[in-house]
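Read the structure below first, then the notes.
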Amino acid sequence: MTGQDPYGRNETGQDAGAAAGFGPSLRRRRAAAGLSLADLSRLVHYSKGYLSKVERGLALPSAELARLCGDVLGPDDLSPAVRAPADAARQIPGQRYALPEPSGHFVGREDETKLIESLVLGPGPRRRAGTVLCAITGMAGVGKTALALRIAHRTEAHFADGCLYLDLHGYSQDLPAVTVADALDRLLRMLGMPAETIPHHVEDRAAVYRGAMTGRRALVVLDNAVDSHQIRPLLPREPGCPVLVTSRSALPSLDEGHHVPLGPLPALDAEALFSSISGIGTGDRGTSGGSPPPAGVRDVVELCGRLPLALRIAATRCRPGGPRTVADFALRLADRRWGLAELDDGERSVVAPLTVSFDALGPSEQHLFALLGLLPGDDCTAVSAAVMADWDLPAAERALDRLADAHLLVRTRPGRFRLHDLLRVFARQVADRRFAQGTRAAVTARLAGYYVAAADAMGRVLAPHRYRLPVTDGLDVTAALLPPVAGHDESLAWFAAEQETVVALARESARLGMDIECWRLAYVLRDFFFLTKRWDAWVASHREALLAAHRAADPAAEAVTANNLGLALIETGDLDGAAAHYERAHRIFRGIGDEHGAANAVANRAWVHFYRGEHAEALKEFSTALAYYTRSGARRNVAITLRGIGLTEVELRQFDAAIGHLTTALATLDDLGLHLDTAMALNCLGEAYLRSGRPREGAVRLERAVAVSRMCGSRHEEARALHHLALATAELSGAVPLTDREIRQDG
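Structural data, given as structure tokens:
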């Protein structure tokens, strides 16, 4: 029953007589216009049930309904009396609504703050086409609410009608998400509407809400939204009422909004936040830097993934006199067994919001997220996800997109995704609970098989005439998932993107006792490592692979791996280590009757003699290998060995013989279309001319070496060519006449 006061006003402040008479008047005017209730419902966007109650005096008309009916049916004498209280309420100056206090410790986010404030405050409402909507999105604990509240408090004075704040509990562990109907009810109550006047139907509530916001100047903050469906009915159609939304969802269908995704804090801001809360170190260092943080702080910050929630918890636990020292806390965080458990201060936890986000996923997305906990590298693609899950590519793409939209994955660039450091730890814990050891091994085997097949195909593009083992025999890899074999640049780009994953996968294969997969993965990286000179990764992966090949009792694999490891060691200056591995390879190759492999080991052993200054011994070993390569018709190996012979002859000052051998090698490599080998031969020939006192002829070869090096992507050979070209240019100009000894030392 509607309450009344002695002056004839109901609880909404409307004239009671006008409100009571509005229903019958509406019925008469509708009938006169020839409209049914259904017709009027479509025109004013209120339900038939609500309109029927208004006409029968069972529900009070809202000011918005009175206005819309006036627009459709024409004005009447009662509508102004019904609308007047709402119009007056909108003009009450200085009205304020509840807004939570902002965080006492807020660091960084200057660019995001500036952007959002510019959207919220300008241009003026009269110049806006509609409501400004700004969506702040990001993973759990990244500081979305803190940023929204900071901006709300900073801009509050610009809104005459204050701020409406509503926590939608989209990702609450203890409370259900607020329904649209309940959210509208709360917003209308904030606006002063009595409970009994709030319509029952959601559509009617939304219409009343929009009407109540008309003419107001207020900021609406919708915190912790589930998705766009929860948000849309809560948007006012009033240019003077901008809306801030926070969500763990990327809200992809919110086309009309300005999207501001938040990532982890920059390192300096993260350190400053930790210091500000913990009281340890320099306090607010901010982005300007200042003195370095105390020992251990940087480790804790990075182990927290620079995530604000994790930093706040860690800082609280590391306060002087607290349960942990910074150094101890860093050690415990780094331990996979209990690292995440440390990020819990009894009231806040990193695991809790991540668990809520995970539980909100569908079964397919949960399964893939758990599988990503088995991924040894830092990032993945739809192809690697499809291989791990044993799905087709479209299914993997859909699941990855949904995980990214839920901010449980980060899109690093088109087609590539990465887990935040803490999410990776969380995913591993989920995987530990879900998957037995057999499942883990099967997933790793599928992934290893894919990468062996893909890298082998790409390596054949980079080095098409290389002696190879049949590492793809017996692999069951879906052809549709393999990357298309294209040109040199595409193959190089594929390796650059995937090499860290392949290295990590080889290491994980060894840990799981999958020795065949381990040595094969290292083997297929050799072409890329040789081209890019990534010696450390080459040495580390092949040391592990050599042990795996030996455990697998595969002599051919052991010999090839030892040979390849020797190549890397010789480039890092470990001549004794290289010699030992070449001897091992040669012994095994001869034992299994592999003449080509044995010749390779001899040719490689010649380089040990070369770098030791034992040039006569080097020439002898090169000649032995050359004889076999010539008999077997291995043209690339013949050319490469001639290149070694030529360089050795240069050291022996046999310049004419050297230039002859190097010229022959260059012609063969050119004919085979081997760009990297050609660049190396050009460099050797240019240096031979330079050492023999013929800088002009040397410069011609070195200029071409620069061009070919750039074409094949070898920065090492390019730098080598540019260095000697500079020496040749100086010699030709007469500015710096160089002796053979000086050129040799510079080279």
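All residue numbers for the sequence shown refer to UniProt numbering, where the first residue is 1 and numbers rise by one.
Ideal placement from N, C-alpha and C gives every residue a C-beta, glycine not left out.
Whole-angstrom distance between residue j and residue i, CA atom to CA atom
i	j	result
Asn637	Glu595	13 Å
Phe610	Leu652	11 Å
Leu375	Gly215	54 Å
Ala360	Leu244	23 Å
His258	Leu273	27 Å
Ala250	Ala396	19 Å
Thr162	Glu156	The residue you asked about is not Thr; residue 162 is Gly in the sequence shown. The alpha-carbon atoms of Gly162 and Glu156 are separated by roughly 6 Å.
Ala603	Ala634	13 Å
Leu419	Arg150	28 Å
Gly449	Val477	7 Å
Leu191	Gly143	28 Å
Ala657	Thr663	10 Å
Pro233	Thr179	11 Å
Ala707	Ala552	44 Å
Tyr629	Val452	28 Å
Leu51	Val425	56 Å
Val471	Ser541	17 Å
Ile277	Pro176	31 Å
His586	Ala681	26 Å
Ala454	Arg433	31 Å
His615	Glu621	10 Å
Phe22	Glu238	26 Å
Glu64	Gly211	5 Å
Arg312	Asp344	10 Å
Asp71	Ser228	30 Å
Helix, strand or coil at residue i according to DSSP, with G and I counted as helix
i	result
Leu219	strand
Arg67	helix
Gly8	Bear in mind that the predicted position of Gly8 carries a pLDDT of just 34, short of 50, making it unreliable; the figure below should be weighed with that in mind. Gly8: coil per DSSP, three-state reduction.
His105	coil
Cys712	helix
Ile198	coil
Leu164	strand
Ala721	helix
Asp328	helix
Ser249	coil
Phe417	strand
Thr478	coil
Leu188	helix
Arg312	helix
Val706	helix
Asp182	helix
Arg348	coil
Leu375	coil
Arg319	coil
Thr439	helix
Rounded Cβ spacing between residue i and residue j (contact assumed at less than 8 Å)
i	j	result
Ile516	Ala559	At roughly 15 Å, the Cβ-Cβ gap does not stay under 8 Å, so Ile516 and Ala559 are not in contact.
Ala334	Leu303	6 Å
Thr145	Thr246	6 Å
Leu565	Val524	The pair is not a contact, with the Cβ atoms about 15 Å apart (cut-off 8 Å).
Gly577	Leu569	4 Å
Glu718	Ser709	4 Å
Leu469	Ala557	7 Å
Val608	Leu642	Not confirmed; about 19 Å, so no contact.
Asp223	Asp167	5 Å
Alpha helix (DSSP H) segment containing residue i, residue limits
i	result
Tyr689	675 to 691
residue 760	Lying outside 1 to 747, the shown extent of the chain, residue 760 is not represented and no answer is given.
Cys304	Segment: none, Cys304 is in no alpha helix (DSSP H) and carries neither H nor E.
Phe528	515 to 532
Val178	Taken as a continuous stretch (DSSP letters only), Val178 belongs to no alpha helix (DSSP H), as it is neither H nor E.
Trp538	535 to 551
Ala568	555 to 571
Ala603	595 to 611
Asp405	393 to 405
Thr145	144 to 155
Bounding residues of the beta strand (DSSP E) (the contiguous stretch that carries residue i)
i	result
Pro261	258 to 261
Thr137	133 to 137
Thr381	379 to 381
Margin query: When you compare the stretch 363 to 373 with the stretch 497 to 509, are there three or more beta-carbon pairs, one atom per stretch, that lie closer than 8 Å?
Written below: The stretch 363 to 373 makes no contact with the stretch 497 to 509, as fewer than three CB pairs between them are under 8 Å.
Notebook entry, point to check: Would the stretch 442 to 462 and the stretch 321 to 331 be scored as touching if the rule is three or more Cβ pairs under 8 Å?
Noted result: Two segments are said to touch when three or more pairs of C-beta atoms, one from each, lie closer than 8 Å; by this definition the stretch 442 to 462 does not touch the stretch 321 to 331.
Notebook entry, point to check: Quick check: the stretch 477 to 486 against the stretch 508 to 515, are there 3 or more CB pairs under 8 Å?
Noted result: no
Check: Between the stretch 431 to 440 and the stretch 379 to 397, do three or more beta carbon pairs fall short of 8 Å?
Finding: As far as the Cβ criterion goes, the stretch 431 to 440 does not touch the stretch 379 to 397, which means the pair count is below three.
Next item on the list: Please confirm if the stretch 38 to 53 is in contact with the stretch 196 to 210, defined as three or more CB-CB distances below 8 Å between the two stretches.
Entry: yes
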